[in-house]
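**Q**
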Amino acid sequence: TLLAIVDPGDEVVVLEPFYENYGPDTDIAGAKPVYVALRPPENVFDPDELRAAFSARTKAIIVNTPNNPTGRVFTQKELELIASLCIEHDAIAVTDEIYEHIRYEGTHIPIATLPGMAERTVTISGASKTFSVTGWRVGWIVAPPSLSGGIRKVHDFVTVGAPAPLQEAVAAGLALGRAYYDKLGAEYRARRDILMRGLEVAGFAPRLPEGAYYILCDITPFGFDDDTQFANWLVKTVGVAGVPGSSFYSRRELGRHLIRFTFCKTHDVLVAAAGRLARTKELAERR
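For the sequence shown, this note's numbering gives the first residue as 83, with consecutive numbering after it.
(1) Return the CA-CA distance between threonine 302 and serine 328, expressed in angstroms with no decimal places.
(2) Considering only their Cβ atoms, is the gap separating isoleucine 206 from methionine 167 smaller than 9 Å?
(3) Just to confirm before moving on: does the CB-CB distance between threonine 319 and leucine 365 stay below 9 Å?
(4) Nearest CA to the CA of phenylalanine 304: which residue from Gly105, Ile297, Ala313?
(5) Could you check the C-alpha separation between alanine 356 and alanine 272 for me, to the nearest Å?
(6) Below 9 Å between beta carbons: does that hold for valine 116 and phenylalanine 127?
(7) Helix, strand or coil: which one does DSSP assign to serine 207?
(8) For tryptophan 315, does the three-state DSSP call read helix, strand or coil?
(9) Hey, valine 95 and threonine 157 are a contact pair by Cβ (cut 8 Å); roughly how many whole angstroms apart?
(10) Mind reading off the beta-carbon distance from alanine 284 to alanine 360? Whole number of angstroms is fine, and I expect it under 8 Å.
(11) Taking the CB atoms as reference points, tell me whether alanine 165 and proline 197 lie closer together than 9 Å.
(12) Near isoleucine 233, what residues of its chain come up, given a Cβ to Cβ distance below 8 Å and the 5 sequence neighbours on each side ignored?
(13) Could you name the residues of the same chain whose beta carbon sits closer than 8 Å to that of aspartate 309, not counting the 5 residues immediately before and after it, in chain order?
(14) Quick one: what does DSSP say cysteine 299 is sitting in, helix, strand or coil?
(15) To the nearest angstrom, how far is the alpha carbon of alanine 113 from that of valine 322?
(16) Tell me the DSSP secondary structure of glycine 188 in three-state form.
(17) Relative to the alpha-carbon of alanine 200, which residue among Gly208, Ser230, Val220, Ile180 has its alpha-carbon at the smallest distance?
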């Protein structure tokens, strides 16, 4: 999408922390990423900072809701501000909505449904999360012809196309009824609660995610000031894997105090992980 809609020298607003690909994808397209912080503990952006990030050079903003890695689901008010800035600056909203069906709090609002946004939004989604087939890499966009034409050309020349059998399987999945999505949300809510309790008992003080299946945690209670060091120690000593928080920031020092866990695992694996995490504080004090 970015290769199709931006030119060298354009700017793309990226909310930070962000899914690791957004910054590099902007760089590859020849544009300049302009980062706006999602500020803890609520992981919300400052409206004035967002306004200041838009300029005459702004071509697009990348919006991911429900959000990876924070678990935020952006509110109607937040999306309306983003929409108003896109309209004011003639910018395109590139929305990653792949977790739209994995949501626990709030309502998923596609920004394309807001007034004036259908003609300036590229909505991106896929089968990976909804149908638990992350290795298939089958996805889609919804966009007006003025935007989708270039995206289709880039997709053709870069990937040719997704494997036909996988496309047929995803089409069958898309025919599933409402009950499937209700069950999906309920199952992930139960998994979320298991890992949340485990992290709270361990002393992480995690923030409850509103959507997606990640929990971003502060590691400073354990005496570490380097996320990569902590992640390696956690695997070797505690037996639980997490992703260093700095992976989700433009400047690594901004995420050095964080680690991300995921709960897209079976019930038994999550219970076992919670049991292991309970010893984190004790083992950290022995270092």
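We put the beta carbon where it would ideally sit given N, CA and C, even for glycine.
**A** On the basis of the data shown:
(1) 14 Å
(2) Reading off the sequence, residue 167 comes out as leucine, not methionine. For leucine 167 and isoleucine 206, no; Cβs fall outside 9 Å.
(3) yes
(4) Ala313
(5) 14 Å
(6) no
(7) strand
(8) helix
(9) Valine 95 to threonine 157, Cβ: 18 Å. No contact.
(10) 6 Å
(11) yes
(12) Thr83, Ala86, Ile87, Val204, Ile223, Ala225
(13) Ile301, Pro326, Gly327, Ser328, Gly337, Arg338, His339, Leu340, Ile341
(14) strand
(15) 37 Å
(16) coil
(17) Ser230
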